[in-house]
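Structure first, then comments.
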Amino acid sequence: MSRDLALVWLAEAAVFTLVVAGILAERPWALGATGAAIVAAGALVRFVPRLGTTLAGAFARRRPAALGAGVVLALALPLALRSSPYWTFVATLALLYVTIGQGLNLQIGTAGVINLAGAAFAGLGGYSVGLLTVAAGWPSWLAVLVGPWVAVAVGTILFVPILKTRGHYLALVTIAFVFIFNILMNNLEFTGGPQGIKNIPTLRLLGHAFTTKPVLAGVELPSHANFYYAALVMAGLTTWVLRRLHDSWLGLALNTLRDDEIAARCCGVSITRGKLLAFSIGNFFIGLGGAFYAVMVGFVSPPDFDFGYSLVMLSVIIIGGVDSIPGVVLGACLLVPLPERFRFLHEYRLLLYGVVIVVMLLYRPQGLWPAQVRRYR
Amino acid sequence: MSVSPSLVEVAGLTVRFGGLVALDGVDVVVAEGETVGVIGPNGSGKTTFFNALTGLLVPAAGEIVFLGRRLAGLEAHAIARLGIARTFQASRLCLALSVFDNILIGMHAGRRTGVVDFVVRRGRFLGEMRTAIERVSHLLALFNGDLPRRGFERVGQLPQIDRRRVEICRALAAEPKLLLLDEPSAGMNPEETAELMRDLQIVREEMPGLSVVIIEHDMFVIEGVSQRVVAFNYGRKIAEGSFAEIAGHEEVREAYLGKEAARA
Amino acid sequence: MPPLELLLQQAWNGVMLGVMYALVAVGFTLFFGVLDVIHFSHGDIFMLGAFAGLTVLVGLKAAGLGGPLLALPLTFAASILVTGLVGVAAERVCVKPLARASPLMTLLATLSLGLVIRESVLIFYPRGADPKPFPQLLPQGGFEVGGVAIRYESLVILGIGLAAMVAVDRVINRTKMGAAIRAVAQEPEAAQMMGVNLDRTVDATFFLGSGLAAVAGILSGLYYSEIHFIMGITGGVIGFSAAAIGGLGNVYGAIVGGLLFGVLQTTAAALIPRGSEFRDVVAFAVVMLFLVFKPSGILGEKSVERV
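Residue numbers (the numbering used here), protein chains in the order written: chain U, 21 to 397; chain D, 581 to 844; chain X, 34 to 340.
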């Protein structure tokens, strides 16, 4: 079935080329050509009969090869973007949102535990790293591994509300929590107040400092590429773990608990254990994203983790697809780079996120890449 | 009467909702392998009885003893693990999930693999899941040979009668000792009801040791499957006996038809 | 332990605050009663009311009609109208279409709508990110009673707030539309069979609730002498909590809840060290505690799940 293989690799290469061209194109003719190509590709898939289903079939039959090619392309991305350290940074940010999004999706999408305090849990990860490294002198890599656990531990403060409230009440409790977190970070001395914590040392792995430019295949890349590759591993691992959790007894129990608590209870599902597990595991990955962010940019401050960011995280999930592992990846890869690319939209970013969410909920609530039925693979 | 050991003994069960007494000192005994029908007008406490049995409600007074264990104060999921399974009056399936998923959840309590297995020792988990899906397919095939083929379709796409079967399979998947069916024939036409009765017969044959308590309004079904019938009214048990005895019982007729019509 | 006068002063301030919270809370509770939804963007509607009022005031001042006797009623009227209509639009676009879907959808949709309203004000109002001074229209000065300072301004605000509440009570209990609202809140299907136009009733409810929020917004501007585009978040969270405390669906509960919240917030701020900085923290902490321990409210919520 080498035709399938060819189709899959061609499709991925095409997407990769269009994405890179879309990012880097500067001159009007380049922009025009890329735009036209993207529209043409979209029209092809949409209007040529059976092209869409043929592609989907090929991808389904050749999953390992598709995944492998995807990994290769993801590794090659910094090479393609080496002329722009800024875009390497944006790509890394997208990977952070994948990590955070998978965690949040486990809570909201899979278990139906609404959490609008995502920004606070990311902040707990970030601030922990800041405090551990700057105040306590820990090495960055250790702080990044410990930070998420702080998020998990503090999350247990919300233990009782998580269990005793649901839906709108729980949403409110989590909103209250993120505001409390923000105000406390702003007003307590040891967290640096409105200035936050500065001079967080960069990551240093096996003697390689992340501020030095890495070399790949003989080519020198911007220093941000270090973070890109680390984030790629982090996001990849996160997605891998969460997919396996989703396609398991746990995911099934969480879905049932989400859709019908009474039926779940009568099937032997402990609601307490389920919700707590989902909430804690989710907070770990949200905190991990925040922790990584801290070492990546080198400082944390209260505005970095306010309620608005909770809504951005939420939009990643809704646009990609609630309870959909690939949906989260798609959501992050769309939502993070697009406002950067269309700079004139930057001011309207949050406004557009809000509009897009409302439109999605009205017309395509399942998201761009809806959750599929479990196949236990 | 058979001398099978009693599976569940309910004594003096009382449930109150604020000032309303939904169940008032109900005594019921169910033996192993028995099928007991429960009838009574709407609001007579039948579903409340099930809810108390399965731990969804906390009784104000009375005792429930299941296989020698007192169920008072136990959580619903703990009671489920002891071997009581049920269906619901308004079908409680997860419509967005697959047919298989909706039944597999019934086997949740019996799972052997855990979070670590799901992630790192996935082979072990997948092996367990393969066996589980085979069992689920077997259960489905008992009722409708077509269904296992559709196992990975969303259950919302199935017709009503098949959805009922899925719910029953979910209850059976847990290998319970006591099965509670709450108005399984609700909303069914006569053909579907006949199929339902065949399904219940299949259940009896597949699992002879299983005790079943079935709430029904359709007397045809009650007559066809129950060995004994219990009648409720206003939260009290008003009669107990064979179907013929209950059908002729004056208080039962009064409960359904009113005093004047009952005497007619 | 601070002296009695200080506590009484805080209690008085709390009542003022509470009146404004109550007006927002009534909106939340009406919407829940009539559509079983939590309208998360209602707080931002409150903010919108304040900004609409400000815009009208600025316009009137520019036109030389800035005298309080003329400007105030006009401002209230215009803001109530505009905000009420925006509220109805929000309901038509975002709330009613999703009323049948899972509550999660409505929650997310209204939350996002709130974001849209908030960002719109930020982006489109000149220098929207800065707090905006609200003109002083009310008589200055005051008097003292038993050590408690009472400003004339506060009395007017209280008066307007109470008048609004009485007006709501009149509408709900003495008018045909009010009866329709109550009917739909209890039994939508039966109400429809009695000839109540469901759509129109829902529209009216949202107009009423949003109009009240507009009044609250302007009062807030008058009280603090400034408004800020983020005031809707806090206002919404507290307004919703107040409604929840009083029991969702229960209008009197919402009023009680609002007043209770206002008094609680100001007294706690007075008693806790560095209380004024952490005033919002106290508010939110109280919200969390209340929702956890008494979710069905003081006067009782109206929904029950059947098995």
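Cβ coordinates follow ideal geometry from the N, Cα and C atoms, glycine included.
Excluding five sequence positions before and after X/Ala111, the CB atoms of its chain that fall closer than 8 Å to its own CB belong to Ala85, Gly86 and Val89, given in chain order. For the pair U/Ala94 and U/Val28, the CB atoms are not nearer than the 8 Å cut-off. Taking the Cα positions, X/Leu241 is about 11 Å away from X/Phe61.
For U/Ser321, the number of other beta carbons within 10 angstroms of its own is at least 16, and it is reported as buried. Chain order gives no chain X residues near U/Gly121, where near means a beta carbon separation below 9 Å; the closest approach is about 15 Å.
Chain D places a beta carbon closer than 8 Å to that of U/Leu272, counting this residue as a contact. Residue D/Ala640 holds the alpha-carbon nearest to the alpha-carbon of D/Gly598 among D/Glu589, D/Gly617, D/Ala640 and D/Asn631. For the segment 361 to 386 of chain U, the residues whose beta carbon sits under 8 Å from a beta carbon of chain X are, in order, Glu367, Tyr368, Leu370, Leu371, Tyr373, Gly374, Val375, Ile377, Val378, Leu381, Leu382 and Pro385. Bounds of the beta strand (DSSP E) holding X/Arg184 are Val181 to Arg184. Runs of beta strand (DSSP E) with 3 or more residues, each lying fully within the segment 164 to 213 of chain X, are found at 175 to 178 and 181 to 184, listed in chain order.
Counting along the chain, no beta strand (DSSP E) covers U/Phe247; the unbroken alpha helix (DSSP H) around it starts and ends at His244 to His266. Burial state of U/Ser290 is buried, judged by a 10 Å Cβ sphere holding 16 or more other Cβ atoms. Annotated as distal: X/Ser243 and X/Leu146, with beta-carbon spacing of 8 Å or more.
The beta carbons of U/Ser300 and U/Gly138 sit no closer together than 8 Å.
Taking a Cβ-Cβ threshold of 8 Å, none of the residues of chain X is close to U/Tyr147; the smallest such distance is about 17 Å.
Residues of chain U with a Cβ closer than 7 Å to the Cβ of D/Phe705 are, in chain order, Ser268.
Between U/Asp343 and U/Ala391 the beta-carbon gap is near 4 Å, inside 8 Å, which marks them as a contact.
Secondary structure note for D/Asp762: its beta strand (DSSP E) is the uninterrupted segment Leu758 to Asp762.
Contact check between the segment 159 to 173 of chain U and the segment 303 to 311 of chain U: three or more CB pairs, one atom from each, fall below 8 Å, which counts as touching. Taken in chain order, the complete alpha helix (DSSP H) segments of 4 residues or longer contained in the segment 143 to 189 of chain U are 160 to 175 and 179 to 184. Note that the C-beta distance between D/Gly663 and D/Leu651 is not below 8 Å.
When Cβ pairs closer than 8 Å are counted between the two stretches, the segment 347 to 365 of chain U is seen to touch the segment 114 to 126 of chain U, the count reaching three or more. Considering only beta carbons, no part of the segment 303 to 320 of chain U lies closer than 9 Å to chain D.
In the structure shown, U/His228 falls within a strand segment according to DSSP collapsed to helix, strand and coil. Residues of chain U whose Cβ lies closer than 8 Å to the Cβ of X/Pro136 are, in chain order, Gly187 and His188.
DSSP places U/Phe210 outside both helix and strand once states are collapsed to three, so it counts as coil.
Its chain contains Leu274, Leu277, Arg278, Gly294, Lys295 and Ala298 as the residues whose beta carbon lies nearer than 7 Å to that of U/Ala131, once the 5 sequence neighbours on both sides are disregarded; these appear in chain order. The closest CA to that of D/Phe646, considering only D/Arg778, D/Glu803 and D/Lys757, is found on D/Lys757. For the alpha helix (DSSP H) assignment, the uninterrupted runs of no fewer than 4 residues enclosed by the segment 600 to 635 of chain D are, from N- to C-terminal side, 626 to 633. At least one CB atom of chain U sits nearer than 8 Å to the CB of X/Asp313. Assignment of U/Ala45 by DSSP, reduced to helix, strand and coil, places it in the coil class. For U/Ile128 and U/Ala191, the gap between their C-alpha atoms comes out near 11 Å.
About 6 Å separates the beta carbon of U/Asn206 from that of U/Gly213, a gap short enough to meet the 8 Å contact definition.
For D/Arg666, the closest C-alpha among the options D/Ala835, D/Arg734 and D/Ile795 is that of D/Ile795.
The way I'd put it, the segment 827 to 839 of chain D doesn't touch the segment 146 to 166 of chain X; fewer than three beta-carbon pairs between them come closer than 8 Å. Contact note: X/Val149 reaches chain U through Leu371, Gly374, Val375 and Val378, using a C-beta cutoff of 8 Å and chain order.
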